[in-house]
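Below: one structure, written as structure tokens.
Protein chains: 2
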Amino acid sequence: MDITNKLMIFLEVVEQGSLARAAELRNVDRSVVSKQLNKLEEELGVRLLNRSTRSFSLTAAGAEMVKKAKELRLMLSETVQIAENYHSEPRGLLKLTSSSILGKRYIQPVINDFQKRFPQVEVELRLEDRVVDIVGEGYDLAFRVGPPRDSNLIARPLARTRLLILAAPEFIQTYGEPKTIEELAELPAAIYAGDSKKVHELLHIDKNGKEVATPMRSVYRANDGELLLAKVISGTAYTAVPAFIVNDEIIKGSLIPIMQHIHLPEYHKMNVVYPHRGLPARSQLFFDAVKEYIGSEIPIWEHNIPGFEKMYGHKPS
Amino acid sequence: MDITNKLMIFLEVVEQGSLARAAELRNVDRSVVSKQLNKLEEELGVRLLNRSTRSFSLTAAGAEMVKKAKELRLMLSETVQIAENYHSEPRGLLKLTSSSILGKRYIQPVINDFQKRFPQVEVELRLEDRVVDIVGEGYDLAFRVGPPRDSNLIARPLARTRLLILAAPEFIQTYGEPKTIEELAELPAAIYAGDSKKVHELLHIDKNGKEVATPMRSVYRANDGELLLAKVISGTAYTAVPAFIVNDEIIKGSLIPIMQHIHLPEYHKMNVVYPHRGLPARSQLFFDAVKEYIGSEIPIWEHNIPGFEKMYGHKPS
DNA sequence: ACTCATTAGTGCCATAACGGCAACAATAGA
DNA sequence: TCTATTGTTGCCGTTATGGCACTAATGAGT
Chain B
46 MDITNKLMIF
56 LEVVEQGSLA
66 RAAELRNVDR
76 SVVSKQLNKL
86 EEELGVRLLN
96 RSTRSFSLTA
106 AGAEMVKKAK
116 ELRLMLSETV
126 QIAENYHSEP
136 RGLLKLTSSS
146 ILGKRYIQPV
156 INDFQKRFPQ
166 VEVELRLEDR
176 VVDIVGEGYD
186 LAFRVGPPRD
196 SNLIARPLAR
206 TRLLILAAPE
216 FIQTYGEPKT
226 IEELAELPAA
236 IYAGDSKKVH
246 ELLHIDKNGK
256 EVATPMRSVY
266 RANDGELLLA
276 KVISGTAYTA
286 VPAFIVNDEI
296 IKGSLIPIMQ
306 HIHLPEYHKM
316 NVVYPHRGLP
326 ARSQLFFDAV
336 KEYIGSEIPI
346 WEHNIPGFEK
356 MYGHKPS
Chain F
46 MDITNKLMIF
56 LEVVEQGSLA
66 RAAELRNVDR
76 SVVSKQLNKL
86 EEELGVRLLN
96 RSTRSFSLTA
106 AGAEMVKKAK
116 ELRLMLSETV
126 QIAENYHSEP
136 RGLLKLTSSS
146 ILGKRYIQPV
156 INDFQKRFPQ
166 VEVELRLEDR
176 VVDIVGEGYD
186 LAFRVGPPRD
196 SNLIARPLAR
206 TRLLILAAPE
216 FIQTYGEPKT
226 IEELAELPAA
236 IYAGDSKKVH
246 ELLHIDKNGK
256 EVATPMRSVY
266 RANDGELLLA
276 KVISGTAYTA
286 VPAFIVNDEI
296 IKGSLIPIMQ
306 HIHLPEYHKM
316 NVVYPHRGLP
326 ARSQLFFDAV
336 KEYIGSEIPI
346 WEHNIPGFEK
356 MYGHKPS
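From first to last, the protein sequence lines stand for chains B and F. Counting with my numbering, you get residues 46 to 362 for the letters of the first sequence. Counting with my numbering, you get residues 46 to 362 for the letters of the second sequence.
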């Protein structure tokens, strides 16, 4: 193992905050990281990290070396990228992350065909509803709703996602169908509560064209869309969710879009996020495959909602 | 061995023009280079070189990869440089090249003291009168007379070198002392003939201030200054040489500066040449040590030529 | 066209480096 | 004070490296 790889290990230790986590990330023993770090410092003749068993700090040399190592990593990935540009067939590992539903419904179904077309590509799909470190954990693509939080990442739109408000027929029988926002606000709600966001207010556009936030009376929270739908189907709450969460519930009559007359603002787009320009071919091809699967005009999930175009004040595309 | 080192091997093959020469440079078996190159191509999934047993050509990918590899090499050396800046003591190998006389007379004598001061520095001094590839052969410093041929190299002046015309007393007894350039031109001459330059004409500045080249009647050529002096001491030829070649011959009376009244132009400076800015500490320190040894005003070799300041129309410093 | 010196490639094998395991010391939080 | 976790290091099995020997290819010289 030579100096560049050792520098990459060093960089990962710094970025992950511990040798142990860097080792876990690399799927190697902690001793490997410890020994290679020691060797690096010996080779360079300078201490990079002051470390104890629970923490470390960068030396001045280490801080400067971190910058250099980042440049090296970028350059190395550009180098590999150059080679990949000459590949007749895409190859290598494609490491993807997305939220649970996104992954199961809209990514997983694409993979088999994709791998038939490109048998030399290995795909790893990890469903993470938490905020992940896309760069640090080595993802090629991350599928997300909303803009990325890290401005160093690049986001490319995949599809629009629009909200709708759902209730079960039994819920309506029990509470009556609400006609105004005020009436809705009094009803029990199931809301999404993920690591990074909670939807505890409903935004709508009033008659004057202003965005108004109305608190929802939360009786249930979950970080999984399917859990939310299950609660709503049980007839004990309504929910406001993006359309991609809906499967065939509306078609089957298990769920009914309610308050269709109100004007909801456009929700965040679904994006693909990745670390830097110049996607490997396999990433670009997979992105294209998912986009084709979802549909570039009307997303596939909107086909599960008859008449969706006319609801909630949506403008036709 | 991982990808960076393999890329460095690839680059060296390209720069050296053959696997065999790259192997020689690295002091490894040819099979090592062959195997690592093949591995690199396998890892990148692209052919970099089309090769036969006698030649190779770069593929398009290879050409692009060469550029990248050069950037990587530069970045790696900057990385090592950063570390070296933090060394409390200079350390590592200092690889030097110079011509034979330069090395023996003005570099070798500096090394012991230098290594007493900096015991962690290993010095390799190679005497090469041929043109060497400073970058390709991994030299830290090259000691040269005259400007470097490669504009990517940096030259820092070390000392002035001035010519003088020497003959033995016996030569003068045999041929008489020449009084004009024309008379000199008729006499047998020993001339320097290295790989890169031959001194077969004598330049002088005439009464009108113009540089005039006068052919020398060569009866002897050598690529070593000491060989030239030996021939001149034998009384069978005169020579025109830079002053640093002279040892104690003039003081002992074995050689006499002749034609002192003519005006010789300033000769090339002695330079230290190195590949790029940001010398490692040990290089800078060695440069300083040699400069101090030679003398920053009047070079040490001029002390072997009494009255040299007043000869050949030299302007005082 | 032939010969020859040199180069590139590859199988085999000894050696060195790598990576994992286990044990231990250090440490931060409870 | 205790405990869980982290970083370090000795030891050992595995893997990669590097060298040797051999072979095929090739360009220069005759």
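We put the beta carbon where it would ideally sit given N, CA and C, even for glycine. It should be emphasised that the depicted structure is a prediction, and the values quoted were computed from it without experimental measurement.
Any C-beta of chain F under 8 Å from that of residue i
i, result
"G62 (chain B)", "no"
"L89 (chain B)", "yes"
"R136 (chain B)", "yes"
"L103 (chain B)", "no"
"N50 (chain B)", "yes"
"K113 (chain B)", "yes"
"E123 (chain B)", "yes"
"Y357 (chain B)", "no"
"D47 (chain B)", "yes"
"E294 (chain B)", "no"
"M261 (chain B)", "no"
Assigned secondary structure, residue i (DSSP; H/G/I helix, E/B strand, else coil)
i, result
"L363 (chain B)", "Outside the shown range of chain B, which is 46 to 362, sits residue 363 (chain B), and nothing can be said about it."
"F159 (chain B)", "helix"
"E354 (chain B)", "helix"
"R327 (chain F)", "helix"
"P192 (chain B)", "coil"
"H359 (chain B)", "coil"
"R266 (chain B)", "strand"
"A282 (chain F)", "coil"
"M304 (chain B)", "coil"
"R206 (chain F)", "Per the sequence shown, the amino acid found at residue 206 (chain F) is Thr instead of Arg. Of the three classes helix, strand and coil, the one that applies to T206 (chain F) here is coil, per DSSP."
"I295 (chain F)", "helix"
"Y220 (chain F)", "helix"
"G137 (chain F)", "strand"
"A187 (chain B)", "strand"
"T98 (chain F)", "coil"
Backbone CA spacing between residue i and residue j [nearest angstrom]
i, j, result
"R92 (chain B)", "T98 (chain B)", "17 Å"
"K297 (chain F)", "I278 (chain F)", "11 Å"
"Y338 (chain F)", "D47 (chain B)", "39 Å"
"F331 (chain F)", "D178 (chain B)", "47 Å"
"M53 (chain B)", "E129 (chain B)", "21 Å"
"Q81 (chain B)", "L232 (chain B)", "60 Å"
"G17 (chain F)", "E347 (chain F)", "Nothing can be reported for residue 17 (chain F): it is not among the residues displayed for chain F, which extend from 46 to 362."
"H306 (chain F)", "A213 (chain F)", "18 Å"
"L170 (chain F)", "F188 (chain F)", "10 Å"
"E116 (chain B)", "L103 (chain B)", "18 Å"
"E60 (chain B)", "T49 (chain B)", "16 Å"
"Y151 (chain F)", "L211 (chain F)", "21 Å"
"M315 (chain B)", "V257 (chain B)", "23 Å"
Burial state of residue i (16 or more Cβ within 10 Å)
i, result
"D185 (chain F)", "buried"
"S143 (chain B)", "buried"
"R194 (chain F)", "exposed"
"S196 (chain F)", "exposed"
"N253 (chain B)", "exposed"
"G221 (chain F)", "exposed"
"S328 (chain B)", "buried"
"K360 (chain F)", "exposed"
"K113 (chain F)", "buried"
"N107 (chain B)", "Correcting the residue identity first, residue 107 (chain B) is Gly in this sequence and not Asn. So G107 (chain B) ends up on the buried side."
"K255 (chain B)", "exposed"
Interface flag, residue i vs chain B, CB-CB below 8 Å
i, result
"L117 (chain F)", "yes"
"I127 (chain F)", "yes"
"A106 (chain F)", "yes"
"H132 (chain F)", "yes"
"E182 (chain F)", "no"
"E109 (chain F)", "yes"
"M315 (chain F)", "no"
"M120 (chain F)", "yes"
Cut-off 7 Å between Cβ atoms - residues of its own chain near residue i, not counting five sequence neighbours on either side
i, result
"I290 (chain B)", "I146, G270 and L274"
"K51 (chain F)", "Q81, K84 and L85"
"A234 (chain F)", "M261, R262, S263, V264, A282, Y283 and T284"
Same chain, Cβ closer than 6 Å to residue i, neighbours up to 5 away in sequence not counted
i, result
"L208 (chain F)", "A285, P287, L309 and Y312"
"A267 (chain F)", "L273"
"F163 (chain B)", "P135"
"L141 (chain F)", "L170 and L186"
Chain-order list of residues whose beta-carbon lies under 8 Å from that of residue i (same chain, five-residue window excluded)
i, result
"V335 (chain F)", "Y151, I152, V155, F188, L203 and V317"
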